[in-house]
Amino acid sequence: MAPHIVPADVTDIQQVLADHDRYWGGRDLRGLHLPALVHEFGSTCLVARDEDGIRGYVIGFVTPDRTGYVHLIATRDDTRGTGLGRALYTAFADAARGQGAVRLKAITTVGNEGSAAFHRSLGFEVRVEEEYNGPGQPRVVFTRDL
Ligand SMILES: CC(C)(COP(=O)(O)OP(=O)(O)OC[C@H]1O[C@@H](n2cnc3c(N)ncnc32)[C@H](O)[C@@H]1OP(=O)(O)O)[C@@H](O)C(=O)NCCC(=O)NCCS
Numbered sequence: 003m004a005p006h007i008v009p010a011d012v013t014d015i016q017q018v019l020a021d022h023d024r025y026w027g028g029r030d031l032r033g034l035h036l037p038a039l040v041h042e043f044g045s046t047c048l049v050a051r052d053e054d055g056i057r058g059y060v061i062g063f064v065t066p067d068r069t070g071y072v073h074l075i076a077t078r079d080d081t082r083g084t085g086l087g088r089a090l091y092t093a094f095a096d097a098a099r100g101q102g103a104v105r106l107k108a109i110t111t112v113g114n115e116g117s118a119a120f121h122r123s124l125g126f127e128v129r130v131e132e133e134y135n136g137p138g139q140p141r142v143v144f145t146r147d148l
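For what it's worth, the working numbering labels the leading residue of the sequence shown as 3, then goes sequentially.
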């Protein structure tokens, strides 16, 4: 059965951090998992839970210019390729639209080809913004209308 996608709580973030590598491999993104985001943007921070734990999650929010910004999205290593990433984005888009969002946006590091392929499959435009994080620090920017 497909995991149930529901609003996340701070305990979910702690569980993800305890098993961080199963979601992010060797990349250390622990510092981006801010509990404040779950506290302040609860309806756009979503988790897919199953009897065996957290299969995937998305942490995001809607900006004042009506962009649904996805800060983090990941599925657990044993769940990839089953459609959960797409389902999480659909649930996030529904929640963001409910708050007035008219577009979606996400960022990743240059070279994260899996993320670029995933976002392309979901209909995002992909571009590199050369100084997104400052001089000499490009990022890949994904955008899509809602
Ligand atoms: C990126 C990620 C969230 C995708 O999750 P997923 O559950 O495997 O994605 P889905 O099964 O829903 O796939 C949705 C579509 O994306 C495609 N896709 C997903 N990952 C892909 C990859 N690595 N290479 C090529 N295509 C990929 C799938 O083929 C599918 O296409 P389709 O629906 O047209 O058949 C997951 O690989 C992950 O957690 N990666 C590590 C964390 C990360 O990099 N997150 C993104 C940061 S911006």
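By construction, the Cβ of each residue, glycine as well, lies at the ideal position given by its N, Cα and C atoms.
In this text the structure is predicted, and so the values were computed from the model without any measurement.
- Taking a contact to require three or more Cβ pairs closer than 8 Å, the segment 103-112 and the segment 78-87 do not qualify as touching.
- Per DSSP, the continuous beta strand (DSSP E) segment holding HIS73 begins and ends at 69-77.
- The secondary-structure analysis by DSSP pairs GLY58 across a beta bridge with ALA50, THR77.
- The beta strand (DSSP E) runs of length 3 or more contained entirely in the segment 4-37 are, from start to end of the chain, 6-9.
- Excluding the 5 residues flanking it on each side, ARG51 has same chain C-beta neighbours closer than 8 Å at PRO5, HIS6, VAL8, ASP14, ARG57, in chain order.
- Between the alpha carbons of GLY62 and ARG29 lies a distance of about 19 Å.
- Boundaries of the beta strand (DSSP E) harbouring GLU127: 127-131, taken from the DSSP string.
- When the beta-carbon positions are compared, ALA103 and VAL60 stay at least 7 Å from each other.
- The Cβ atoms of ALA76 and TYR25 sit closer than 7 Å to each other.
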